[in-house]
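Structure (structure tokens):
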């Protein structure tokens with residue numbers, strides 16, 4: 001099972017994310033159920049081959065002293081495919097980029113999924129995944145969209161699926 005490093009979001013941002021997710025899921029019954037885990041920004045995904053104890057030690061060192069920081073969403077996006085992922089895009093800020101860079105630098109070379117490497121990573125907050133044509137999904141999201149504000153509150157290392165928290169950093 002893969003391992004991920006996540007930046008969890010506070011309730012002020014999690015609540016509207018969950019409302020938008022439910023609105024999309026209600027409109028598209030062919031949605032793909034998402035893991036039972038609080039809304040977050042995924043900073044890294046690695047294969048199951050990475051020893052989690054060593055990984056947690058490395059990540060604890062580099063994230064020591066990272067405080068909560070604000071997150072503001074700017075718009076909706078889609079990663080097309082089967083399924084297609086619908087997500088909120090956080091404004092890319094210095095603290096968010098620095099946190100991602102610290103996590104990426106702490107990992108052994110070649111273990112991070114290419115989509116999460118520096119220069120390829122697209123910060124996002126997943127709302128839903130759907131298996132069918134997305135016609136109308138974005139319009140539905142835009143009907144309910146506004147700028148949402150909150151904070152990154154915790155950094156966790158998780159194994160999935162199903163989500164199992166290995167450590168809170």
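Residue numbers (the numbering used here): 1 to 169. All C-beta atoms in this analysis are idealised placements derived from N, C-alpha and C, irrespective of residue type, glycine included. As the structure is a prediction and not an experimental result, all values here were calculated from the model.
Pairwise C-alpha distance: residue j and residue i
| i | j | result |
| --- | --- | --- |
| residue 53 | residue 60 | 11 Å |
| residue 70 | residue 10 | 10 Å |
| residue 41 | residue 6 | 6 Å |
| residue 74 | residue 100 | 19 Å |
Which listed residue (the options) has its alpha carbon closest to that of residue i
| i | options | result |
| --- | --- | --- |
| residue 12 | 3, 84 and 38 | 38 |
| residue 35 | 51, 4 and 27 | 4 |
| residue 50 | 112, 14 and 64 | 112 |
| residue 86 | 167, 130 and 146 | 130 |
| residue 45 | 167, 116 and 169 | 116 |
| residue 19 | 88, 167 and 124 | 88 |
| residue 47 | 157, 169 and 168 | 157 |
Proximity of residue i and residue j at Cβ, strictly below 8 Å
| i | j | result |
| --- | --- | --- |
| residue 148 | residue 2 | no |
| residue 8 | residue 152 | yes |
Residue i, enclosing alpha helix (DSSP H) - first and last residue
| i | result |
| --- | --- |
| residue 102 | 94 to 106 |
Any C-beta of chain E under 8 Å from that of residue i
| i | result |
| --- | --- |
| residue 52 | Protein chains in the displayed structure number just one, and chain E is not present. |
Boundaries (first-last residue) of the beta strand (DSSP E) holding residue i
| i | result |
| --- | --- |
| residue 149 | 149 to 159 |
| residue 166 | 164 to 168 |
| residue 58 | Per DSSP, residue 58 belongs to no beta strand (DSSP E); it is in the alpha helix (DSSP H), 52 to 63. |
| residue 78 | 69 to 79 |
Sheet register partners of residue i (DSSP bridge)
| i | result |
| --- | --- |
| residue 128 | 86 |
| residue 8 | 40 and 154 |
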